[in-house]
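Since the structure comes first, as structure tokens, the remarks are kept for the end.
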Amino acid sequence: MSINRNENSKLDFLLEIGNIGSGNALTSLAEFIDRRVDMKAPRLEFVDFNELFGSVGGVENVVSGFLINVHGDVNGIMLFLLQNELASEVCDILLGSKLIDLNALDELHVSLFKEIANIMAGSYISALAEMTGLKITTSVPDLAIDMAGAILSVPLIHFENVFGQILLIQNSFSVDLKEYNSSIFFFLEDESIAKLMKQFGIE
Amino acid sequence: MGKKILIVDDAAFMRMMIKNGLTQNGFTDIFEAGDGQQALDMYQAERPDLVFMDITMPNVDGIQALKNIKAFDPAAKVVMCSAMGQEAMVVEAIESGALDFIVKPFKIDRVLQTVSKVLG
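Sequence order for the protein chains is A and B. Heads up: the first sequence begins at 1 in our numbering, then just goes up one per residue. Heads up: the second sequence begins at 204 in our numbering, then just goes up one per residue.
Below, the structure written as structure tokens:
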């Protein structure tokens, strides 16, 4: 999407937030599963609603999606999309068995998936809060296992008129030499973006 | 060891992880709650010696549950366990009466250290 030159500082600021936040989130994932996680530099960009579906590659890919409300001094929504192969690998590491049928999740699997999202979102948001001195909290994650397009449609339906720009952070990383990708969509209210920037002295 | 410990977390996996670590180290009287309201009910029924309390939970969150438990029993020993490790959250928890704050993810040794410190 085209970005107005006047918005360059805003763009740089939010991209840096995304960079630091996603680094913290993946570090927390590594600690949670007690495995070495090697990260490549994240790819960060702003997308608008029309570009959302094209941004995730195959919209028909079945993925694990976690929707988390962000509230407090900053209001927004985080949507994590994780490859199901990663979810299965984490089950193998922490529960001792690979996940075969994603349609047959029991309470333990669901809680494990949600805890992954909780820890990753919590470390992302905590990094943001520490950098800005603002108080920011997150909701309990909602989990959906579905096609990426279907999961993305949820925030679109509910929040299209509220959020103008969406920060997309795409991470590539490896766990025990296996490559994985994840996407984080951060929907931030304009008022919240302004508040964050003010904390950094950017008007 | 005779000490009662209450684990409060909406994630069954986290309750299982903490419970396994405690039982492997000799603790047998372990109770579980899935949200803040259940935590208060369980506390009133069992009067545990120590409570591990998540913050982000449905219905009644961990900070409110901490306040409710401390209102019921000012001597209650509550340790927060949360992925929301930001300073403001830690300060609010400590000011509300929490004894310690464990940031997720954590290793079970961190939990055991806290048990040792709090229960002696």
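Ideal Cβ placement from N, Cα and C applies to all residues, glycine included. Keep in mind that this is a model prediction, so the values were computed, not measured.
| Check | Outcome |
| --- | --- |
| Which value, in whole angstroms, describes the spacing of the CA atoms of B/F255 and A/L112? | 18 Å |
| Just curious, the alpha helix (DSSP H) that A/N84 is in, first and last residue? | N84 to L95 |
| Over what stretch of residues does the beta strand (DSSP E) that includes A/N69 continue unbroken? | V62 to G72 |
| Nearest chain B C-beta to A/D48 closer than 9 Å, yes or no? | no |
| Under the DSSP definition of a beta bridge, which residues are partnered with A/E130? | According to DSSP, which records beta bridges pairwise, A/E130 is partnered with nothing at all. |
| Mapping DSSP to helix, strand and coil, what is B/V318? | helix |
| Answer with buried or exposed for A/E115, where buried requires no fewer than 16 other C-beta atoms within 10 angstroms of its C-beta. | buried |
| Could you tell me which chain A residues have their CB closer than 7 Å to the CB of B/P308, listed as they occur along the chain? | S28, E31, F32 and I119 |
| Only counting the same chain, and skipping five residues up and downstream in sequence, which positions put a Cβ closer than 7 Å to that of B/I221? | I210, F255 and V314 |
| Tell me the rounded alpha-carbon separation between B/M217 and A/A30. | 16 Å |
| Using the beta-carbon of each residue, which ones in chain B are nearer than 7 Å to A/E107? | A215 |
| Would the region 16-27 of chain A count as touching the region 36-47 of chain A if we require 3 or more Cβ pairs under 8 Å? | yes |
| Closer than 8 Å is the cut-off here; do at least three beta carbon pairs connect the region 231-244 of chain B with the region 259-270 of chain B? | yes |
| Any idea what DSSP makes of B/L209, helix, strand or coil? | strand |
| Measuring only the C-alpha atoms, how far is A/S199 from A/K135? | Strictly speaking, residue 199 of chain A in this sequence is Gln, with Ser absent from that position. For A/Q199 and A/K135, the distance between alpha carbons rounds to 12 Å. |
| Below 6 Å CB to CB, which residues in the same chain sit around A/R5 once its five sequence neighbours on both sides are set aside? | Its pLDDT being 44, under 50, A/R5 is placed unreliably in this model, and the value from its coordinates should be taken loosely. Cβ neighbours of A/R5 beyond the five flanking positions: none. |
| Using a Cβ-Cβ distance cut-off of 9 Å, determine whether A/S192 contacts chain B. | no |
| For the candidate residues A/A104, A/V74 and A/I157, whose alpha-carbon lies nearest to that of A/A129? | A/V74 |
| How would you label A/M1, buried or exposed, when you count the other beta carbons within 10 angstroms and need 16 or more for buried? | With a pLDDT of 44 at A/M1, under the threshold of 50, the modelled position of this residue cannot be trusted; read the value that follows with caution. A/M1 comes out exposed. |
| Spell out the partners DSSP gives A/Y180 in its beta bridges. | A/F173 |
| A/V140 versus chain B: which residues are under 8 Å apart at the beta carbon? | D213, T259, M260 and P261 |
| Is it the case that the Cβ atoms of B/K175 and B/G300 are separated by a distance below 9 Å? | It is not possible to answer for residue 175 of chain B, since the shown part of chain B is limited to 204 through 323. |
| Just confirm the distance between the C-beta atoms of A/S28 and B/P308, as a whole number of angstroms; I'd bet it's less than 8 Å. | 6 Å |
| Grab me the residues of B/T317's own chain with a C-beta within less than 7 Å of its C-beta, minus the 5 sequence neighbours each way, in chain order. | V282, D303 and I305 |
| So, with DSSP's three-state summary, where would you put B/I258? | coil |
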